[in-house]
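First the structure, in the form of structure tokens, and then the observations on it.
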Amino acid sequence: MPEGFICNDIVYGASVVKHAVDVPIIAVNGINTIERGEWLIENGHADMVAYARPHLASYDITNRALAGDESVICRDCKVCLCFKDYKLCLTRQ
Numbered sequence: 839m840p841e842g843f844i845c846n847d848i849v850y851g852a853s854v855v856k857h858a859v860d861v862p863i864i865a866v867n868g869i870n871t872i873e874r875g876e877w878l879i880e881n882g883h884a885d886m887v888a889y890a891r892p893h894l895a896s897y898d899i900t901n902r903a904l905a906g907d908e909s910v911i912c913r914d915c916k917v918c919l920c921f922k923d924y925k926l927c928l929t930r931q
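Numbered according to our numbering, the sequence shown spans residues 839 to 931.
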């Protein structure tokens, strides 16, 4: 993975695929902030970004992003607590 790449190796794999094919690529895995997603698209690493855990942690992520609110939307727990009981999510507390 190149120095300065701000996401994990799975997301970097999406970047490699994007530069090898001529179809839109969606990056996914550990992209837990709006800032990271924007960085991936702006720097040509992906055409779209999928947010999973951030939607569980912050149901209003889309409205927050549109309003310019880039506060913590997912704390990236090793095991996502939302899958067990959304009330346990550290971001929601």
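Every residue, glycine too, gets a C-beta built ideally from N, C-alpha and C.
Closer than 6 Å by C-beta to residue i: which residues in its own chain qualify, once you throw out the five before and the five after it? Chain order, please.
i	result
glycine 875	Ile869 and Val887
alanine 903	Ile872
aspartate 885	Pro862 and Ile863
glutamate 841	none
In terms of residue numbering, what span does the alpha helix (DSSP H) encompassing residue i cover?
i	result
alanine 895	891–895
aspartate 847	847–858
glycine 842	Unbroken run through glycine 842: none, as it is neither H nor E.
leucine 814	Any property of residue 814 remains undetermined from this structure, which presents the chain solely from 839 to 931.
isoleucine 899	899–904
Residues in its own chain within less than 7 Å of residue i by CB, not counting five upstream and five downstream?
i	result
leucine 926	Leu919
methionine 844	Just to set this straight, residue 844 is isoleucine in the shown sequence, not methionine. Correct list, in chain order: Arg874 and Trp877.
Quick one: residues in its chain with C-beta nearer than 8 Å to the C-beta of residue i, no 5 flanking neighbours on either side, listed in chain order?
i	result
aspartate 898	none
Going by DSSP, which residues form a beta bridge with residue i?
i	result
isoleucine 864	Met886
Residue i CB to nearest chain B CB: under 8 Å?
i	result
phenylalanine 921	Any reference to chain B falls outside this structure, which holds one protein chain only.
Does the segment 912–919 touch the segment 876–883, meaning 3 or more C-beta pairs lie closer than 8 Å? no
Are the segment 892–901 and the segment 921–929 in contact at 8 Å, needing three or more beta carbon pairs? yes
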